[in-house]
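Heads up, the thing below is written out as structure tokens.
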Amino acid sequence: MNFVNQLLQGVLLGGFYALLACGLSFLFGVMRIINLAHGSLAVLAAFLLMEFCNDTNFSPFGGLLLVLPVMALVGWVLQFAVLDRSLKAGPLIPILSTFGVAIILDNSMFEHYGANSQSLGPFIGDLAYGSWNLTSSLYIGQLDALIFATAVVVLGALQFTLARTPLGRTIRATADDPSVVDLIGVNSRMVYAAVAAIAIMLTGLAGAFLGMRASFDPYAGGPMLIFAFETVVIGGLGSLWGTLLGGIVLGVSQNIGAAISPHGFLIAGHVVFLAVLIARTFSHRLTWRPRFSRKVATA
Amino acid sequence: MSMGAYKVERWTRQAVFFSAAVGLLLVVLAVGPLIFSAGITDRLTTLFIYIILAAMWNALAGYGGLVSVGQQAFIGLGAYAMLRLSNAGVPLYLALVLGVLLIGIVALPVGELMLRLRGGEFAIGMWVLAELLHFLINLDPLIQGETGTSLVALDAFSPSAARADTYWMGFFVMVALLGTLFMLLRGRVGASIQAIRDDEIAAASIGVKVHAGKRIMFVLAALGCAAAGALWLATTISFQPQAFFGIQWTAYMLFMALVGGLGTFEGPIIGAVLFFLMESFFGATGVSYLIGLGIVALGFSLFLPRGIWGTLETRFGLRLMPVGYHLTTQRPAAAPNGVADKKQVDYVA
């Protein structure tokens, strides 16, 4: 029964990973950029929320009303200050520049907030530890359930927006070919800015939950980027529902690893990630390709 | 001389002069511990390690087009291999060389797998690999988790002997690696690698073996980073996994190669010297220093992606090391005053 509980907790953890990964996945799907500052931006949102809650006695959920628009603005600025220029400079530059942003963010947060681990747990009261017991050894944490539900709603909303709305059509067209949409009266740079704003806002949401469910510190961005990336790759780059599946696979394997050995949590996650990569190199049918666009890659 | 006469030069006068100067500098450095103070010898050993790291990261990113944020995997493995071999009774500096070669062999299958990934996927895939190796090595009872252990065999040497030997080892390894890279770039492999750097698809379409070229750069970079890791262990003596498998190495390498000039032979060396000087002057400021590094790296990637050397090189047609070819066309017929109209064209950028 304990093992079943581990699986259940793994699935719930997967919801968090899916939420964490969807900003990364969305930005990659449209702009073909892997944002190495992704994890640092999530941690930044958690710190902003902490500062807000400390100053105002608002709950973190109220604070999100302020922090999410701020993160969207950060995404907007990031697009015009860094990504836009990087995109034009060849394939290496976006990797270098977003890594530069990550170094700046991590160390600035360290300088400003200090080295201590922080948590938003104290601000959310019962929710931090409340749970529904299914049996004596099988339980679902209320916060975990909320995060999982949020992940499903966010992924569903993103999928719906992309598939059914005019904005989604514009985004898909821009992902296909930015220079062509410019010809038909769409400003691809504004589309990219909107995508960056949405992606970073979602990253901020994930950061808020990171702060509520566990502790974080200024250098937590690196591990968060790795988890998000593993989720996206396991699920298939650019596929949104695949992201949820990828998160669940990662969460479950980490929890099984943790049950085997105290060091097993991270090792198992990395091993499963690399195993998926190896499997893909030997099977072309498993090769992932972005699925936002209808265009099928012919390579 | 007829219209369109041209001359292809590798050893331009500039390159001959500069190569002679480099030769002289190397001779002086080779007897370093005999003429320098202990402090300077130590600092120079550190500089050699930085130069190795910058050149190897550049071999991978600048020439192979492969940005890795996980080269610390090989830095850690190099140090670990040396530690393990030395612990098994292999003489210290032999352990260094053997360990590095061993990691080179390990890098072959690893490269086969990782080179399937592209762009950012390769970048983070390497990082995951570094993290995984870090945790696995923590499980080794000899290492005792994050506590780490020390290179006990070094105690057998007197401090001055250890300092001089490590210096010579660093110098020898740096010259060997830079020499290998230099010869690779001048040869057939170099032409294909630089074609891959400029345009991978175009290179493949004219029959360049893209995968083979990348594999060579991957293994060379792995060897070089392993050597740097082992040398770092010989200078710091203690092996704490976090210090060797940390992401800060990638920040340093990226800074040195990018600021110096990606895809040039001379650039990363200049970048390493610059990084070394910055660290000497501002390293004590800790976090602010790291923020500064990040800002400079971001600024270069956005506004001067060719780096210091790449920019100077194209603006002034400089070519200090004879890696590429110079094409000089002379058109005396078009010059009525009898002065040849000289036009220099870079054959290999």
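Chains as they are written, first to last, in this note's numbering: chain A, 47 to 345; chain B, 1108 to 1456.
Here a beta-carbon is modelled for each residue, glycine too, at the ideal position from N, C-alpha and C.
Please read all numbers here as calculations on a predicted model, not as lab measurements.
Exercise. Y1113 (chain B): buried (16+ other C-beta within 10 angstroms of its C-beta) or exposed?
Worked result: exposed
Exercise. Any C-beta of chain B sitting closer than 9 Å to the C-beta of V317 (chain A)?
Worked result: yes
For this session: Flag this pair as touching only if the region 258 to 273 of chain A and the region 143 to 157 of chain A have three or more C-beta atom pairs under 8 Å; answer yes or no.
Result: yes
Exercise. At a Cβ cut of 9 Å, what residues of the region 130 to 156 of chain A count as close to chain B, listed as they run along the chain?
Worked result: R131, S132, A135, G136, P137, L138, I139, P140, I141, L142, S143, T144, F145, G146, V147, A148, I149, I150, L151, D152, N153, S154 and F156
Problem set entry | Under 8 Å by beta carbon: chain B residues contacting E276 (chain A) | V1235
Problem set entry | At least 3 beta-carbon pairs within less than 8 Å: the region 1356 to 1365 of chain B vs the region 1308 to 1327 of chain B | no
For this session: Just the chain A side, please: which residues come within less than 9 Å of L1165 (chain B) by C-beta, in chain order?
Result: Going by the sequence as given, residue 1165 (chain B) is Asn instead of Leu. In chain order: nothing, as chain A lies at least about 12 Å away.
For this session: List the endpoints of the continuous beta strand (DSSP E) containing N81 (chain A).
Result: First-last for N81 (chain A): undefined, no H or E at that position.
For this session: Give a yes or no on whether 9 Å exceeds the smallest Cβ distance from F74 (chain A) to chain B.
Result: yes
Exercise. Going by Cα to Cα distance, which pick from A:N301, A:N162 and A:V279 is closest to L291 (chain A)?
Worked result: A:V279
For this session: Look up S1126 (chain B) in the DSSP assignment and say whether it is helix, strand or coil.
Result: helix
Exercise. By Cβ distance, which residues of its chain are closer than 7 Å to L1209 (chain B), with the 5 residues on each side in sequence left out?
Worked result: A1188
For this session: Figure out for me which residue from B:D1272, B:R1150 and B:A1302 has the closest Cα to the Cα of E1386 (chain B).
Result: B:R1150
For this session: Indicate whether at least one CB of chain B lies closer than 9 Å to the CB of I302 (chain A).
Result: no
For this session: Kindly indicate which residue of A:I306, A:H309 and A:F319 has the alpha-carbon position closest to the one of I294 (chain A).
Result: A:F319
Exercise. Around the C-beta of F1423 (chain B), are 16 or more other C-beta atoms found within 10 angstroms, so that it is buried, or is it exposed?
Worked result: exposed
Exercise. Name the DSSP beta bridge partners of Y1200 (chain B), please?
Worked result: Answer by DSSP bridge pairing: none, since Y1200 (chain B) is not bridged.
Exercise. Which class does Y63 (chain A) belong to by DSSP, given the choice of helix, strand or coil?
Worked result: helix
Exercise. What does a CB cutoff of less than 7 Å around L1340 (chain B) pick up in its chain, not counting 5 residues either side in sequence?
Worked result: A1186, M1189, L1190, L1258 and F1346
Problem set entry | I272 (chain A) at chain B interface by Cβ criterion, 9 Å | yes
Problem set entry | Any non-hydrogen atom of the ligand SAM closer than 8 Å to G1370 (chain B) Cβ | With respect to small molecules bound, the structure shown includes none, and the ligand SAM cannot be examined in it.
Exercise. Using a Cβ-Cβ distance under 9 Å, would V1315 (chain B) count as near chain A?
Worked result: no
Problem set entry | Q164 (chain A) (DSSP reduced to helix, strand or coil) | strand
Exercise. Looking at the unbroken beta strand (DSSP E) that takes in G288 (chain A), where does it start and where does it end?
Worked result: Careful: G288 (chain A) lies outside any beta strand (DSSP E), inside the alpha helix (DSSP H) at L286 to I306.
For this session: Would you grab the beta carbon distance between Y238 (chain A) and M77 (chain A) for me? Rounded to a whole angstrom, and I think it's under 8 Å.
Result: 6 Å
Exercise. Are the region 1326 to 1336 of chain B and the region 1278 to 1291 of chain B in contact at 8 Å, needing three or more beta carbon pairs?
Worked result: yes
Problem set entry | G1320 (chain B) classed as buried or exposed, judged by whether at least 16 other C-beta atoms fall within 10 angstroms | buried
For this session: Tell me where the beta strand (DSSP E) around G187 (chain A) begins and ends.
Result: Y185 to G187
Exercise. Hey, how far is the Cα of G346 (chain A) from the Cα of A1269 (chain B)?
Worked result: No statement about residue 346 (chain A) is possible, as the shown extent of chain A runs from 47 to 345 and does not include it.
Exercise. Going by beta carbon distance, what residues of the same chain come within less than 8 Å of E1307 (chain B), once the five residues before and after it are set aside?
Worked result: G1172 and V1317
Exercise. Are the C-beta of Q1121 (chain B) and some C-beta of chain A separated by less than 9 Å?
Worked result: no
For this session: Return the chain-ordered list of same chain residues with a C-beta closer than 8 Å to the C-beta of Y1396 (chain B), the five sequence neighbours on each side being excluded.
Result: M1385, E1386, F1389 and G1390
For this session: Evaluate V342 (chain A) with the Cβ neighbour count: other Cβ atoms within 10 Å of its Cβ, from every protein chain shown; 16 or more gives buried, anything less gives exposed.
Result: Unreliable placement is indicated for V342 (chain A), whose pLDDT of 39 sits below 50; the coordinate value is still reported in the next sentence. Exposed is the call here.
Exercise. Can you name the residues of chain A whose CB is closer than 8 Å to the CB of A1358 (chain B)?
Worked result: F145 and I149
For this session: Look up T1287 (chain B) in the DSSP assignment and say whether it is helix, strand or coil.
Result: helix
Problem set entry | Exposure of N100 (chain A), with buried meaning 16 or more beta-carbon neighbours within 10 Å | exposed
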